[in-house]
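**Student:** The working numbering numbers the first residue of the sequence shown as 4 and each following residue consecutively. C-beta atoms are modelled at their ideal positions from N, C-alpha and C, and glycine is treated no differently. Everything numeric in this text was worked out from a predicted model, so none of it was measured.
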Amino acid sequence: MIGDMGSSTHPGGVEDFPPPHDAEIAIACRKSELALVQARGIAAKLGESLDMDHPPRFSVVTRSVAGDADKQSPFALLSKQTGGSDVGKSLWTNGLETDLVADKVQVLVHCLKDMPTTLPANCLLGAIPAREDPSDAVIMRPDSPFKTIDQLPPGSVR
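#1: Below 8 Å on the Cβ atoms is my guess for V112 versus I45; work out the distance and round it to an integer in Å.
#2: Kindly indicate which three-state DSSP category S242 falls into: helix, strand or coil?
#3: Please determine, among S93, V104, P123, the residue with the shortest C-alpha to C-alpha distance to C114.
#4: DSSP beta-bridge partners for V64?
#5: Let's see if you can read the secondary structure: which residues bound the alpha helix (DSSP H) around D117?
#6: Taking V63 as the reference, give the member of G70, E27, P123, D54 with the closest Cα.
#7: Helix, strand or coil for L128, going by three-state DSSP, please let me know.
#8: Where does S159 fall in DSSP's three states?
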């Protein structure tokens, strides 16, 4: 997600890109390992895409969010406490979006599944990168009666 930097000539409030040479662009994400991997990947892709003598530096900063801090309370209760618009979704995005709108960071990296359906004012969905390998692995106990996914009973994840 990209915030409105205020000096835009583009519809939707996105500042001209690329930024001035030697600028630093802070990319924020949750503190989870997956979020860090995704944010570092986006930083690398942005850096590779710029054909500049002095490209900006990309730094990845993390933030604790309500959904990570409280793993006991129901989502609906936490969402009301954090002022989120989408029950559950705002638990992983609200604090980061606040930092973006306040210009503490310039870019957010979220899993699309964690984003609310309505974005805050002055924010937009700037890009969706190509999907990585979506393959999953299934590990079963050695004493399991099931040896393949096809052998799992009806109603289980297949």
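**Tutor:** The short version:
#1: Position 109 of the sequence shown, counting from 1, holds the residue named residue 112. Position 42 of the sequence shown, counting from 1, holds the residue named residue 45. That pair is a contact at about 5 Å.
#2: Any property of residue 242 remains undetermined from this structure, which presents the chain solely from 4 to 161.
#3: Within the sequence shown, the letter at position 111 stands for residue 114. The shortest Cα separation from C114 among S93, V104, P123 belongs to S93.
#4: Taking the first residue of the sequence shown as position 1, residue 64 is located at position 61. The partner list for V64 (beta bridge, DSSP) reads A31.
#5: Taking the sequence shown and counting its residues from 1, the one referred to as residue 117 is at position 114. Taken as a continuous stretch (DSSP letters only), D117 belongs to no alpha helix (DSSP H), as it is neither H nor E.
#6: The residue labelled residue 63 in the question sits at position 60 within the sequence shown. When each option's Cα is compared against that of V63, the closest is E27.
#7: The sequence position of residue 128 within the sequence shown is 125, counting from 1. Three-state DSSP puts L128 in coil, outside helix and strand.
#8: Mapped onto the sequence shown, residue 159 falls at position 156. Here S159 sits in coil by DSSP.
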